[in-house]
Amino acid sequence: MTTQTPLEIPFKINRVSQPGSLSVHVADQLETLITQGNVAVGDKLPTENSLCESFGVSRTVIREAITHLKSLGLVETRRGVGTTILRASKVEARPAERVNPTTVEDILYLLELRLTLEPAAAELAALRYDAQDKENLELQHQKFIKVYTANAQAREEDYSFHFAIAQATKNPFFKSFYEQWSHNVIPRAKLMSNDINPLSSQRYLKRVQEEHADILVAILARDANAARQKMHQHLSRARDTYAQYRNQT
Numbered sequence: 000m001t002t003q004t005p006l007e008i009p010f011k012i013n014r015v016s017q018p019g020s021l022s023v024h025v026a027d028q029l030e031t032l033i034t035q036g037n038v039a040v041g042d043k044l045p046t047e048n049s050l051c052e053s054f055g056v057s058r059t060v061i062r063e064a065i066t067h068l069k070s071l072g073l074v075e076t077r078r079g080v081g082t083t084i085l086r087a088s089k090v091e092a093r094p095a096e097r098v099n100p101t102t103v104e105d106i107l108y109l110l111e112l113r114l115t116l117e118p119a120a121a122e123l124a125a126l127r128y129d130a131q132d133k134e135n136l137e138l139q140h141q142k143f144i145k146v147y148t149a150n151a152q153a154r155e156e157d158y159s160f161h162f163a164i165a166q167a168t169k170n171p172f173f174k175s176f177y178e179q180w181s182h183n184v185i186p187r188a189k190l191m192s193n194d195i196n197p198l199s200s201q202r203y204l205k206r207v208q209e210e211h212a213d214i215l216v217a218i219l220a221r222d223a224n225a226a227r228q229k230m231h232q233h234l235s236r237a238r239d240t241y242a243q244y245r246n247q248t
């Protein structure tokens with residue numbers, strides 16, 4: 000069996016000088032090169048040293064970028080072999096490298112329960128919210144954006160947004176039921192810190208923020224059907240994401 004030589008860099012790479020996360024800029028360029036077919040499935044990426052020189056960044060930055068590509072299912076890295084292109088189309092970014100199997104099951108059971116309750120809560124909130132609820136919903140949404148863009152996990156802020164929806168139903172049992180859960184209802188609250196992939200986690204949270212925005216727009220438009228649908232989509236996507244960890248190796 001022949002050992003494949005890592006690629007030289009036959010494509011254009013821009014040295015990183017933009018403001019912001021260096022690893023994000025590196026990952027974005029490599030992701031684009033792979034998904035646009037500039038490198039073939041089965042090829043190996045250049046060595047760490049070569050990528051460091053090409054991008055003008057440290058090994059740590061390159062490793063963070065490669066970890067993100069792994070979270071998208073685009074590459075795999077094996078000791079003594081290097082980083083190989085697995086596919087040219089990405090899967091959705093996930094919040095962690097791995098999750099304990101028991102934790103995965105707990106998260107999925109909780110999401111199953113939330114899927115039976117929260118779409119209805121969003122529907123009722125759209126029909127019943129008042130001016131104070133509107134202000135609170137918008138406030139909690141902005142708090143989530145502020146915290147996640149500061150590279151934090153925004154667990155409390157995620158919970159507070161969903162709790163604001165429960166409050167807006169004007170049904171005290173929705174409110175008290177959600178109060179009992181606290182922020183532990185948010186799947187990320189159950190993840191170990193050393194398993195979290197910072198770069199892909201931020202991509203994941205960007206998706207969460209966009210889904211929260213869709214839910215908020217539907218509620219404030221008093222579109223009860225859309226509010227139910229958007230909440231169902233939001234929680235279903237989370238369920239599907241965490242279900243992927245059942246097959247982790």
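Position 150 (the sequence shown) corresponds to 149 in numbering that gives the first Met the number 0; numbering is contiguous. Cβ coordinates follow ideal geometry from the N, Cα and C atoms, glycine included.
Shown here, residue 169 sits in coil according to DSSP, grouped into three states, outside any helix or strand. The C-beta distance from residue 87 to residue 34 rounds to 6 Å, short enough to fall under 8 Å.
By the Cβ criterion, the stretch 177-193 is in contact with the stretch 108-119, since at least three pairs of Cβ atoms, one from each stretch, lie closer than 8 Å. Straight-line measurement puts the Cα of residue 192 at about 10 Å from the Cα of residue 152. Residues of the same chain with their beta carbon placed closer than 7 Å to that of residue 129 are lacking, with the five preceding and five following residues left out of the count. Taking C-beta atoms as the reference points, residue 154 and residue 206 fail to come closer than 8 Å.
By the neighbour-count criterion, in which 16 or more other beta carbons inside 10 Å mark a residue as buried, residue 150 falls on the exposed side. Taking a 10 Å sphere around the C-beta of residue 100, we find fewer than 16 other C-beta atoms and assign the residue as exposed. One Cα belongs to residue 38, the other to residue 127, and the distance between them is close to 53 Å.
Annotated as distal: residue 102 and residue 43, with beta-carbon spacing of 8 Å or more.
Per the DSSP secondary-structure output, residue 217 pairs with nothing in a beta bridge. For residue 81, the beta-bridge partners assigned by DSSP are 77. For the pair residue 218 and residue 121, the Cα-to-Cα distance works out to about 7 Å.
Scanning the stretch 96-144 for uninterrupted alpha helix (DSSP H) segments of 4 residues or longer gives 100-127, listed from N- to C-terminal end. Straight across, the Cα-Cα distance linking residue 143 with residue 159 is about 9 Å.
Residue 187: not part of any alpha helix (DSSP H); DSSP gives it neither H nor E.
Contact between residue 40 and residue 194 is ruled out by a C-beta separation of about 28 Å, above the 8 Å threshold.
Excluding the 5 residues flanking it on each side, residue 235 has same chain C-beta neighbours closer than 8 Å at 114, in chain order.
Unbroken alpha helix (DSSP H) runs of no fewer than 4 residues, entirely contained in the stretch 31-79, are found at 47-54 and 58-70, following chain order. Note: residue 195 is bridge-paired with 95 in the DSSP secondary-structure output. Annotated as proximal: residue 92 and residue 70, with beta-carbon spacing under 8 Å.
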